[in-house]
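For what it's worth, our numbering labels the leading residue of the sequence shown as 3, then goes sequentially. Note that beta-carbon positions come from the ideal geometry of N, C-alpha and C, so glycine has one too.
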Amino acid sequence: MKIKLLLGLLLVVFTIGMANADDGVEISKLPDYGPEQFQALLNKPNVIDIRGTMPELVLEEDKKTWLDKINRFGLDTSSAVELKPYMEKNGGPIIMTGYSSDGCLFISFNTNAKGTFDETKYINNIYEILNNKSTKLDVKDIPVVFEYESIPVEEEAPGFTVFLLIMVILVLYGKAHK
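Here is the structure:
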């Protein structure tokens, strides 16, 4: 009886935690985009350089349209043949490409690659590739942040496995003590 009660309690606690996971979460508005905000990104410790021009955007709809355009371009860029030689899997320093809610593309170099390549030359070459490709989307001087990042390490998260393990142990324990 105690096992069934404990199992039921665990199940209730687990489902309450899941039901309340999104309670109180408010989708925040996007930040205003413009030259000042773009320049401010240079103050981040891992940022090496920024290139391009950030358009002045304050209306939420304009910002969403801009992010959609940058996102599509970022997805296209991540598989661009021209960038392949610069990717880490091909011996280059780039570990990630993408876009951020700051309204710009980002190119992340492996922190461990610092000092092993000519940053200025690579940034110039990569930006030229990106800027040439961006004209297809009617974007001139596409804003790009070049930064150093550590390689993301996948950590095992407990997720459902912990709860399932506990439930299986309790069920087996209950069957063994009947």
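Less than 8 Å between the CB atoms is what I'm expecting for residue i and residue j, so what's the real figure, rounded?
i           : j           : result
residue 147 : residue 43  : 5 Å
residue 143 : residue 133 : 7 Å
residue 40  : residue 139 : Actually they do not touch by this definition, with Cβ atoms about 18 Å apart.
residue 79  : residue 135 : 7 Å
residue 130 : residue 50  : Between residue 50 and residue 130 the Cβ distance is about 16 Å, and since that is not below 8 Å, they are no contact.
Just grab the DSSP bridge partners of residue i for me.
i          : result
residue 99 : 109
residue 52 : 147
Can you find the residues in the same chain that come closer than 6 Å, C-beta to C-beta, to residue i, ignoring five residues on each side of it along the sequence?
i          : result
residue 97 : 90, 110, 112, 153
residue 59 : 35, 65, 68
residue 33 : none
Would you call residue i buried or exposed, if buried means 16 or more other Cβ atoms sit within 10 Å of its Cβ?
i           : result
residue 47  : exposed
residue 53  : buried
residue 83  : exposed
residue 103 : exposed
residue 137 : exposed
residue 63  : exposed
residue 85  : buried
residue 141 : buried
Between residue i and the rest of its own chain, which residues show a CB-CB distance below 7 Å, the 5 nearest in sequence each way excluded?
i           : result
residue 115 : 95
residue 56  : 35, 36, 37, 39, 40, 105, 106, 145
residue 31  : 62
residue 73  : 101
By Cβ distance, which residues of its chain are closer than 8 Å to residue i, with the 5 residues on each side in sequence left out?
i           : result
residue 88  : 94, 95, 96, 124, 127, 128
residue 151 : 48, 97, 98, 110, 111, 112, 113
residue 118 : 95
Give the list of continuous beta strand (DSSP E) stretches no shorter than 3 residues that lie fully inside the stretch 127-152.
The stretch 127-152 contains these whole beta strand (DSSP E) runs: 146-151.
Within the stretch 30-92, ranges of the alpha helix (DSSP H) (whole runs, at least 4 residues)
Counting only runs that start and end inside the stretch 30-92, the alpha helix (DSSP H) elements of at least 4 residues fall at 37-42, 62-80.
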